[in-house]
Amino acid sequence: MPTRLRFVLGDKAVDVALPGEVQLVDLLPSILAQFGKEWIEQSVDHEGWVAQRLGEPPLDEDKSPAELQLLDGDTVHLRPRGEEFAPLDYDDLVDGLAERARGDAGQWTPERSRWMLRAGAMVALLTGLVALFAGPGASSFWLVPAVLALALLIGAAAAARTVGDLVNATGLALVGIAYATAAGWLLALWLDPAGELGVWITCALAMAVAATVLALVAVADSALIFTAGLTFGVMVLIPSVIWTWSDLTAQQSVAIGITVNVVASLFIPGTAFRLGRLRLPMLPTEAAEVKEDTEPVPHQVVVERSAIVFGYLRALYLGFGVAQALLLIVLNVRGGQWPLIFGAVCALLLLMRSRHLSGVVPRWSLLVPAIAAVVTIVLRLGFGHHPLDRVLAVLTPLVLVGAALVVLTSVLPGKRMRPYWGRAVDIFEHATAIAVIPLLLAVLDVYAWVRGLSG
5 MPTRLRFVLG DKAVDVALPG EVQLVDLLPS ILAQFGKEWI EQSVDHEGWV
55 AQRLGEPPLD EDKSPAELQL LDGDTVHLRP RGEEFAPLDY DDLVDGLAER
105 ARGDAGQWTP ERSRWMLRAG AMVALLTGLV ALFAGPGASS FWLVPAVLAL
155 ALLIGAAAAA RTVGDLVNAT GLALVGIAYA TAAGWLLALW LDPAGELGVW
205 ITCALAMAVA ATVLALVAVA DSALIFTAGL TFGVMVLIPS VIWTWSDLTA
255 QQSVAIGITV NVVASLFIPG TAFRLGRLRL PMLPTEAAEV KEDTEPVPHQ
305 VVVERSAIVF GYLRALYLGF GVAQALLLIV LNVRGGQWPL IFGAVCALLL
355 LMRSRHLSGV VPRWSLLVPA IAAVVTIVLR LGFGHHPLDR VLAVLTPLVL
405 VGAALVVLTS VLPGKRMRPY WGRAVDIFEH ATAIAVIPLL LAVLDVYAWV
455 RGLSG
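FYI, the numbering for the sequence shown is 5 to 459, going by our numbering.
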């Protein structure tokens, strides 16, 4: 629906009807033409024109009249860029303060009330789950959180597909996953009260993964959130299953999970590319194929699907990164010499791999696990020693490293390195990746087992 506005330029005013959905920057040339060619020619003398209502800042040219909330009959002044109207002075201090208060970004709005109610609903649902664990005998009621988890997932599907309320649907699905996790834990505890911790964790993770798959189907528009959660659950479930169904210790099972994570993360870009439904053309194998015409891909298709690819890329890296951080912490909290060395080498490998990633989320998804591993190893080495030893062997090196990193903040970013340095780091990265396998065998006591075979 068109919006009828009065534009003022100099001493001349023109009434113009503008389409409400077209950006203002596309309409300004036609508006200036209503005032005559001489005004268009004057644009060369300055940086163009801005549209401004009296007493307000210039209008955002990238928005449409409807988005700018321009109403029929509004008067808009055209001013040279850089010569905008100054803000009007207030005749009444109280009126000025009231206007500033109404425009304050911290004001309570209906949308904030909506989020308050959502937060209250989540707190109530999660508090009920915690209350179930507050006393003994909770395992006999494992069916209660299981049924509630199913009900929450059904409610999430209804909210997403019938009402179209994506936020509430996502929240209900996330709480449903939490209830399913609790149901798995209580079920394992009910079946075998004297069982091992690994069995309880595995059962809880299995229920969480199953609920996440259902949530992914129920609330497909929040697929990125549940993809990250599903990736995390699977990466943690793998070492948990190994720990439960084998004679390996928790640290040994976690070391296998870390290795699987390191290898599987190499396939994240290709997986995200396929999830975005993009396919690269086949490379030509003959001279005749080089001359063949290729079908152009529509611009809008590339824009939309590349956004999907980048979203899945962030979600997958986030899931892998959180799982890797948790596994590295568990590995290095307890254990002997080889788990610490294995964790340090994996942290070094993640640090070197992070330099290949340009996205904020993917890079931090590798940096955070590496930092978590290093911090855990340092605290593990310093725990239980004499204070003087901690000062000399832990505190002093950390202070030197911190000072060096502060200096590098003003030297390293944006600096182009020599090609041979990059090649040297590549070789060192490959060597570090190769070293993970023999170190894993050391953590698994394979070498000790081989020595035992020889007597």
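All residues carry an ideal CB built from backbone N, CA and C; glycine is no exception.
For residue i, which of helix, strand or coil comes out of DSSP?
i, result
"Leu240", "With the sequence shown as reference, residue 240 is identified as Val, and Leu is not the correct amino acid for it. Correct three-state label for Val240: helix."
"Arg10", "strand"
"Leu63", "coil"
"Leu82", "strand"
"Asp472", "The displayed coordinates of the chain run from 5 to 459. Any statement about residue 472 would go beyond what the structure contains."
"Ala55", "strand"
"Ser269", "helix"
"Gly406", "helix"
"Gly274", "helix"
"Pro300", "coil"
"Ser68", "coil"
"Pro140", "coil"
"Val411", "helix"
"Leu279", "helix"
"Pro1", "Any question about residue 1 goes unanswered here, given that the chain covers just 5 to 459."
"Leu399", "helix"
"Gly180", "helix"
"Gly168", "coil"
"Asp110", "Note that residue 110 corresponds to Gly in the displayed sequence, not to Asp. Residue state, collapsed to three classes: coil."
Within the continuous beta strand (DSSP E) that includes residue i, where are the two ends?
i, result
"Leu74", "Counting along the chain, Leu74 falls outside any beta strand (DSSP E), and DSSP gives it neither H nor E."
"Asp19", "16 to 22"
Closer than 6 Å by C-beta to residue i: which residues in its own chain qualify, once you throw out the five before and the five after it? Chain order, please.
i, result
"Ala173", "Ala160, Ala163, Ala164, Val223"
"Gln328", "Asn265, Pro373"
"Gly261", "Ile242, Pro243, Leu331"
"Leu121", "none"
"Val18", "Phe11, Gln38"
"Leu448", "Gln256"
"Arg357", "Leu370"
Which residues mark the beginning and the end of the alpha helix (DSSP H) in which residue i is found?
i, result
"Ala161", "147 to 162"
"Pro114", "114 to 136"
"Glu290", "Looking at the DSSP string, Glu290 is not in any alpha helix (DSSP H), and its letter there is neither H nor E."
"Phe39", "It is not in any alpha helix (DSSP H) - Phe39 carries neither H nor E in the DSSP assignment."
"Arg427", "423 to 447"
"Ala452", "450 to 457"
"Arg394", "391 to 394"
Ignore the nearest five residues each way along the sequence and tell me which others in residue i's own chain have a CB closer than 8 Å to its CB.
i, result
"Ala70", "Thr7, Gly24, Glu25"
"Thr3", "Any answer about residue 3 is impossible in this case: the structure gives the chain only from 5 up to 459."
"Leu28", "Ala55, Leu63, Asp64, Glu65, Asp66, Lys67, Ser68, Pro69, Leu72"
"Asp169", "Ala163"
"Thr206", "Ala192, Leu241, Ser244, Val245, Trp247, Thr248"
"Val382", "Val398, Leu402"
"Val450", "none"
"Val378", "Ala348, Ala351"
"Leu443", "Trp342, Ile345, Phe346, Val349"
"Thr275", "Tyr316, Leu320"
"Lys200", "In the sequence under discussion, the amino acid at residue 200 is Glu, which differs from the Lys named in the question. Excluding residues within five positions, the ones whose Cβ falls inside 8 Å are Thr248."
Is residue i a contact residue of the ligand COA, with contact defined as CB to any heavy atom under 7 Å?
i, result
"Ala222", "Ligands displayed in this structure: none; no statement on the ligand COA is therefore possible."
Tell me which same chain residues have a C-beta within less than 7 Å of the C-beta of residue i, skipping the five on either side of it?
i, result
"Ala219", "Leu157, Ala160, Ala177, Gly180, Ile181, Phe230"
"Leu74", "Thr7, Leu9"
"Ala187", "Trp146, Pro149, Ala150, Ala153, Met211"
"Arg427", "none"
"Phe277", "Val313"
"Ala227", "Leu220"
Segments assigned beta strand (DSSP E), at least 3 residues, entirely inside the region 188 to 257
Complete beta strand (DSSP E) runs here, min 3: none at all.
Using 8 Å as the threshold, is the region 140 to 151 in touch with the region 190 to 197, meaning 3 or more CB pairs across them?
Yes, they touch.
Completely contained beta strand (DSSP E) runs for the region 305 to 389, where each covers 3 or more residues:
For secondary structure counted as the beta strand (DSSP E) over 3 or more consecutive residues, the region 305 to 389 holds no complete run.
For the region 336 to 347 and the region 300 to 313, state whether three or more C-beta atom pairs, one from each stretch, are separated by less than 8 Å.
No, the region 336 to 347 is not in contact with the region 300 to 313.
Between the region 311 to 325 and the region 362 to 378, can you find at least three pairs of beta-carbon atoms closer than 8 Å?
Yes: at least three Cβ pairs fall under 8 Å.
Between the region 345 to 353 and the region 385 to 395, are three or more C-beta pairs nearer than 8 Å?
Cβ pair count under 8 Å is below three, so no.
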